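Chains A and B are the protein sequences, given in the same order. Counting from 0, one number per residue, gives the positions in the first sequence under numbering that gives the first Met the number 0. Counting from 0, one number per residue, gives the positions in the second sequence under numbering that gives the first Met the number 0.
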Amino acid sequence: MQTNTDTPKQNRAPLKRNDPPAVQAILILLTFLFFASFIFMPLGLVFAEGFRKGAQVYLDAIREPFALAAVKLTLVTAAIVVPVNAIFGMTAAWAISKFSFKGKTMLVSLLDLPFAVSPVVAGLIFVLLLGTRTGFGSWLGEHGIKIIFSTPGIVIATLFVTFPFVARELIPLMEAQGREEEEAAITLGAKGWQVFARITLPNIRWGLMYGMILCMARSIGEFGAVSVVSGHIRGMTNTIPLHVEILYSEYNYTASFAVSSILVFLAVATIAVKSVMEKNVHNHQHTQH
Amino acid sequence: MSIEIKNVTKKYPGYTALDDITLNVQTGELVALLGPSGCGKTTLLRIIAGLETADAGSVILEDRDTTNLPAREKNVGFVFQHYALFRRLDVFENVAFGLRVRPSGSRPSKSEIRDRVEYLLKLVQMDWAMKRYPSQLSGGQRQRVALARALAVNPKVLLLDEPFSALDAKVRQELRRWLRKLHDDIHVTSIFVTHDQEEALELADRIVVINKGRIEQQGAPQEVYDHPANAFVYNFLGNVNVFHGRVKDGKVLVGDKLIEAGPASGIHGAFDGQAFIRPHEIGISRIRSSANDLSGFIRDIRLMGGQIGLELETKAFEKPIEAEIPREAWRNLQLSKGDEVFITLDRVKVFTGDYEI
Numbered sequence: 000m001q002t003n004t005d006t007p008k009q010n011r012a013p014l015k016r017n018d019p020p021a022v023q024a025i026l027i028l029l030t031f032l033f034f035a036s037f038i039f040m041p042l043g044l045v046f047a048e049g050f051r052k053g054a055q056v057y058l059d060a061i062r063e064p065f066a067l068a069a070v071k072l073t074l075v076t077a078a079i080v081v082p083v084n085a086i087f088g089m090t091a092a093w094a095i096s097k098f099s100f101k102g103k104t105m106l107v108s109l110l111d112l113p114f115a116v117s118p119v120v121a122g123l124i125f126v127l128l129l130g131t132r133t134g135f136g137s138w139l140g141e142h143g144i145k146i147i148f149s150t151p152g153i154v155i156a157t158l159f160v161t162f163p164f165v166a167r168e169l170i171p172l173m174e175a176q177g178r179e180e181e182e183a184a185i186t187l188g189a190k191g192w193q194v195f196a197r198i199t200l201p202n203i204r205w206g207l208m209y210g211m212i213l214c215m216a217r218s219i220g221e222f223g224a225v226s227v228v229s230g231h232i233r234g235m236t237n238t239i240p241l242h243v244e245i246l247y248s249e250y251n252y253t254a255s256f257a258v259s260s261i262l263v264f265l266a267v268a269t270i271a272v273k274s275v276m277e278k279n280v281h282n283h284q285h286t287q288h
Numbered sequence: 000m001s002i003e004i005k006n007v008t009k010k011y012p013g014y015t016a017l018d019d020i021t022l023n024v025q026t027g028e029l030v031a032l033l034g035p036s037g038c039g040k041t042t043l044l045r046i047i048a049g050l051e052t053a054d055a056g057s058v059i060l061e062d063r064d065t066t067n068l069p070a071r072e073k074n075v076g077f078v079f080q081h082y083a084l085f086r087r088l089d090v091f092e093n094v095a096f097g098l099r100v101r102p103s104g105s106r107p108s109k110s111e112i113r114d115r116v117e118y119l120l121k122l123v124q125m126d127w128a129m130k131r132y133p134s135q136l137s138g139g140q141r142q143r144v145a146l147a148r149a150l151a152v153n154p155k156v157l158l159l160d161e162p163f164s165a166l167d168a169k170v171r172q173e174l175r176r177w178l179r180k181l182h183d184d185i186h187v188t189s190i191f192v193t194h195d196q197e198e199a200l201e202l203a204d205r206i207v208v209i210n211k212g213r214i215e216q217q218g219a220p221q222e223v224y225d226h227p228a229n230a231f232v233y234n235f236l237g238n239v240n241v242f243h244g245r246v247k248d249g250k251v252l253v254g255d256k257l258i259e260a261g262p263a264s265g266i267h268g269a270f271d272g273q274a275f276i277r278p279h280e281i282g283i284s285r286i287r288s289s290a291n292d293l294s295g296f297i298r299d300i301r302l303m304g305g306q307i308g309l310e311l312e313t314k315a316f317e318k319p320i321e322a323e324i325p326r327e328a329w330r331n332l333q334l335s336k337g338d339e340v341f342i343t344l345d346r347v348k349v350f351t352g353d354y355e356i
């Protein structure tokens, strides 16, 4: 009963089946072919293109001030978005899984909206809402607060497109765990924050980490929504994906691929952290059996 | 007076969980709240613990009105149906939890906590499992750890919500007797909720029968069992045969048969009512012992361990009568399917009005 409440993603031993060897071979071969043509080859090409004109050109491209500014902005954005969405996700998951209230079903459906709507539309919504065309936007402008075409706009757009990750991960987990452990802790005299720190958080920590990693991956790679609100000011409001796009449209392929390789690195690092964690979850479960 | 519940009412949209409940529990008493599922007994327990709030009424623990006190300040031990052990903490830390979360001023020292936890785990015979995690324990073991955890904070009262219902029959019975012994040793005022009449009869000093948010009857187990206040209580406390009929002058006319109603009835005048008799109160013999006896045939025989269940068909009643006799009597009478027997129903009890099960 312990394992299935731990995380919705689980490693199960594959079923032993008596498929003919030929079928097995063909399926395995197809899988490899698919991986090779859609994952390994394109990723390899990114590096091949980046290094086409030699290591020096590659290094210059990623050390260039605009590229560094883009990396910095991307990381700053992720550093704000991930914790904010972690807190939001925990709050939403807590409310949805542990209380019953009016409009709960609607809330759960709306949670998926950022996934369902095109990121470009998401970006446009914020341009409309916070740009100079609305009363609120111009009021902000009069008071010297610039949101659209600057860092806050990029952060807000990224927050929007990534907010379901943590909540989506935690809701089924917290629903499965119920409220009893928290209630037991309360009757034993624990205060609210003690219940959260000692009982709730340890119970959801792997799901939370998993949601945060997905959230981080998406916030680093987000293009559409950010593209609309950014304004593409080099060295100011360009994130890595936007910088890549600009280099590419200027026919500067080598630099474009070189900077892309940073994104690939970040993605690989994220996946590595994720798989290490999954292993941890797995081992952790085994020590408790 | 250890626990005083005064006029507690709790309504949910669509139904009333508790309807003006007043109940007193003496210090050191072990009281069972007995009733069918959905009768409000768990709600009452949760209100005492502060996990729910009553719409009206008050709860007084040891002369202190705790109605509006938050749950963590009530100093109540609560044992959950599904144990609710902290899955990320080992057995020792589970029991130590209530002591560790105390504010630094009143928190015992590390060695005091260790002593207390070890003492409690010995008390519940789980001291061998201190480093285990809840998932490594059986249901019965988990519930004993949960009990130790609840006792760790020296609660004024111990509340147990269907503590044994998730366990299998054998373990349930064992744990029941063990809990009774434990209560005799430590005498903490306790209320437990159950829908199992056997559990309530065996374990409790006093039984409070609840139905549809109201108290139907309360009293010592023997008293409630022998002198049920109404049809519901009689029915809920064990298996019954029900006869619908016309009652007059202590006699029940069922079909065309007049049955002498038991001594407790004492109701005069004629009315439509129900007569009840428990399967083991029915007399079975090969020869007619009085004119009141019914004759019938054995339709089915069920071996139920020490008792033998008989399904009896009679001309007087449409429904078959369920009877239970000791194995010894069954052997002496040499009964088999299809035999004619005489049935004595003189211990039948009569209640007014119709009662829906």
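Beta carbons: idealized from backbone N, C-alpha and C, even for Gly. Here the structure is a predicted model, which means the values were calculated and not measured.
Can you say whether residue i is buried or exposed, counting buried as having 16 or more other CB atoms within 10 angstroms of its CB?
| i | result |
| --- | --- |
| K9 of chain B | buried |
| W205 of chain A | buried |
| Q217 of chain B | buried |
| R63 of chain B | exposed |
| A35 of chain A | exposed |
| G143 of chain A | exposed |
| K40 of chain B | buried |
| V194 of chain A | buried |
| S218 of chain A | buried |
| F135 of chain A | exposed |
| P227 of chain B | buried |
| N3 of chain A | With a pLDDT of only 40 at N3 of chain A, under the threshold of 50, the placement of this residue in the model should not be trusted, and no figure is reported. |
| S229 of chain A | buried |
| V22 of chain A | exposed |
| T21 of chain B | exposed |
| T104 of chain A | exposed |
| P133 of chain B | buried |
| T76 of chain A | buried |
| I258 of chain B | buried |
I'd like to check one pair, residue j with residue i: are the Cβ atoms closer than 7 angstroms?
| i | j | result |
| --- | --- | --- |
| D299 of chain B | F341 of chain B | no |
| R285 of chain B | L332 of chain B | yes |
| L29 of chain B | S189 of chain B | yes |
| A216 of chain A | G49 of chain A | no |
| M129 of chain B | F96 of chain B | no |
| L68 of chain B | L43 of chain B | no |
| V410 of chain B | V116 of chain B | Since the first residue shown for chain B is 0 and the last is 356, residue 410 of chain B is missing from the structure and cannot be characterised. |
| N240 of chain B | E323 of chain B | no |
| F163 of chain B | R176 of chain B | no |
| S255 of chain A | V263 of chain A | no |
| G220 of chain A | V165 of chain A | no |
Excluding five sequence neighbours on each side, which residues of the same chain lie with their C-beta closer than 7 angstroms to the C-beta of residue i?
| i | result |
| --- | --- |
| P262 of chain B | Unreliable positioning characterises P262 of chain B in this predicted model, as indicated by a pLDDT of 46, which lies under 50. The coordinate reading is nonetheless provided below. Excluding positions up to five away in sequence, the list is empty. |
| S248 of chain A | none |
| I261 of chain A | I61, V70 and I239 |
| V272 of chain A | I212 |
Near residue i, what residues of its chain come up, given a Cβ to Cβ distance below 6 angstroms and the 5 sequence neighbours on each side ignored?
| i | result |
| --- | --- |
| K52 of chain A | T253 |
| R148 of chain B | N93 and V94 |
| G234 of chain A | F65 and A68 |
Name the chain E residues whose beta carbon is nearer than 8 angstroms to that of residue i?
| i | result |
| --- | --- |
| I203 of chain A | Note that chain E does not occur in the displayed structure, where the protein chains are A and B. |
Helix, strand or coil for residue i per DSSP?
| i | result |
| --- | --- |
| D208 of chain A | A small correction: the amino acid at residue 208 of chain A is Met; Asp does not occupy that position in the sequence shown. Here M208 of chain A sits in helix by DSSP. |
| L106 of chain A | helix |
| E312 of chain B | strand |
| I59 of chain B | strand |
| T238 of chain A | coil |
| R131 of chain B | coil |
| Y14 of chain B | strand |
| D345 of chain B | coil |
| R148 of chain B | helix |
| K52 of chain A | coil |
| P154 of chain B | coil |
| N84 of chain A | helix |
| R213 of chain B | strand |
Note down, in chain order, each residue of its chain lying with its Cβ closer than 8 angstroms to the Cβ of residue i, except the 5 sequence neighbours on either side.
| i | result |
| --- | --- |
| P113 of chain A | A121, F159, V160, T161, F162 and P163 |
ask   = Got a sec: which bits of the region 177 to 190 of chain A sit with their beta carbon under 8 angstroms from any beta carbon on chain B, in order along the chain?
value = E179, E180, E182, A183, A184, I185, T186, L187, G188, A189 and K190
ask   = Relative to chain A, which residues along the region 91 to 106 of chain B have a C-beta separation below 7 angstroms, given in chain order?
value = F96, G97, V100 and R101
query = Looking at chain A, which residues of the region 147 to 168 of chain B have a Cβ within less than 8 angstroms of any of its Cβ atoms?
reply = Those would be R148, A149, A151 and V152, in chain order.
query = Quick one, which residues of the region 191 to 220 of chain A are near chain B if we go by CB-CB under 8 angstroms, in chain order?
reply = Q193, R197, I198, P201 and N202
key: Residues within the region 63 to 74 of chain B neighbouring chain A, beta-carbon criterion of under 7 angstroms   = Using a CB distance below 7 angstroms, the part of the region 63 to 74 of chain B facing chain A consists of A70 and R71, ordered along the chain.
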